[in-house]
Amino acid sequence: MSDWNYLVKGQIYGPVDTAELQTLLRTGTLPSETPVWREGMGDWMPANSLGDFRAATSRTSRLLQGSQDGQDDVQQNKVYAIIAYISILFVVGLVIAPQSRFARYHANQGLLLCLLGFLVTALVSTLGFMPLVGKYAGKVGYALGLGCTILMVLGVVNAARGECKELPLIGKYNLLK
Numbered sequence: 005m006s007d008w009n010y011l012v013k014g015q016i017y018g019p020v021d022t023a024e025l026q027t028l029l030r031t032g033t034l035p036s037e038t039p040v041w042r043e044g045m046g047d048w049m050p051a052n053s054l055g056d057f058r059a060a061t062s063r064t065s066r067l068l069q070g071s072q073d074g075q076d077d078v079q080q081n082k083v084y085a086i087i088a089y090i091s092i093l094f095v096v097g098l099v100i101a102p103q104s105r106f107a108r109y110h111a112n113q114g115l116l117l118c119l120l121g122f123l124v125t126a127l128v129s130t131l132g133f134m135p136l137v138g139k140y141a142g143k144v145g146y147a148l149g150l151g152c153t154i155l156m157v158l159g160v161v162n163a164a165r166g167e168c169k170e171l172p173l174i175g176k177y178n179l180l181k
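So the sequence shown is numbered by my numbering: it starts at 5 and just counts up by one.
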């Protein structure tokens with residue numbers, strides 16, 4: 005493993021190994037644009053521009069990275085972020101903690117999941133009335149419902165860890181500005 009140095013507010017930290025720096029980036033302790041350097045490199049480079057850290061930085065939301073206020077926001081509003089993935093309960097965080105970027109991020113993810121659930125229900129219900137395809141509607145509904153449940157579990161785990169990771173397939177959309 006390589007020993008890396010990183011730069012925060014003009015101060016050099018390190019050396020740290022690759023895995024430790026990836027963890028700092030993935031959890032949002034360091035912003036994805038944090039300049040990093042190791043022996044053999046000419047200049048400092050943003051972490052998100054290097055292959056070793058691209059995966060760690062691409063999945064981390066830039067909403068809360070690196071600030072104490074962001075960490076306080078996560079701790080104070082984690083419950084609202086977790087329940088945001090349970091059907092229409094995404095509204096709770098929006099009402100109780102409207103200024104929380106963490107709760108708002110997860111409320112958006114919960115809203116997307118809720119809309120997907122309604123869409124799946126409507127699709128399966130419609131297919132159920134159609135001749136020839138109606139007999140397969142239950143199997144399709146089961147598979148799609150299982151997919152929604154998996155997305156819900158992923159969202160809850162991310163919120164419980166204090167992370168802002170997009171849900172696969174649907175998470176890239178932002179309906180709550």
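Where is the CB? At the ideal position from N, CA and C, for every residue including glycine. All values derive from a computational prediction rather than experimental measurement.
Please classify residue i as buried or exposed, where buried requires at least 16 other C-beta atoms within 10 Å of its C-beta.
i    : result
A51  : buried
S36  : buried
T64  : Reliability fails at T64, whose pLDDT of 46 lies under 50, so the model's placement of it is uncertain and the value that follows must be treated cautiously. Flag for T64 reads buried.
L150 : exposed
G14  : exposed
F133 : exposed
A164 : exposed
A59  : exposed
Thinking C-beta only, is residue j closer than 9 Å to residue i?
i    : j    : result
L180 : A85  : no
L98  : A107 : yes
V124 : A141 : no
V12  : T38  : yes
L136 : G145 : no
Looking at the secondary structure, which residues open and close the alpha helix (DSSP H) in which residue i lies?
i   : result
N4  : Residue 4 is absent from the model: the chain starts at 5 and stops at 181.
L29 : 22-30
By Cβ distance, which residues of its chain are closer than 8 Å to residue i, with the 5 residues on each side in sequence left out?
i    : result
G159 : A88, Y89, H110, Q113, G114, L117, L171
L120 : C152, L155, I174
N81  : G97, A101, S104, F106, A107
Got a sec? Which residues, its chain only, sit under 6 Å from residue i by beta carbon, not counting five neighbours each side?
i    : result
K143 : none
W41  : N9, W48
N162 : K169
L25  : W8
Check each candidate in the options and name the one with the smallest Cα separation from residue i.
i    : options              : result
W8   : E43, G14, G166       : E43
L148 : V95, K82, A126       : A126
G55  : T22, G166, N178      : T22
E167 : K139, T130, Q79      : Q79
F57  : G138, V157, K139, S6 : S6
Can you tell me where the beta strand (DSSP E) with residue i in it begins and where it stops?
i    : result
G112 : Before going further, note that residue 112 is Asn rather than Gly in the sequence given. Per DSSP, N112 belongs to no beta strand (DSSP E); it is in the alpha helix (DSSP H), 105-132.
L98  : Run containing L98: none in the beta strand (DSSP E); it sits in the alpha helix (DSSP H), 94-100.
P39  : 39-41
D47  : Careful: D47 lies outside any beta strand (DSSP E) and carries neither H nor E.
N178 : Taken as a continuous stretch (DSSP letters only), N178 belongs to no beta strand (DSSP E), as it is neither H nor E.
N9   : 7-12
Can you list, in chain order, the residues of its chain with a C-beta nearer than 7 Å to that of residue i? Leave out the 5 residues immediately preceding and following it.
i    : result
Y177 : L116
L28  : L34
M45  : none
Counting only C-beta atoms, is residue i closer than 9 Å to chain D at any point?
i  : result
N9 : The chain inventory of the structure shown lacks chain D, comprising one protein chain alone.
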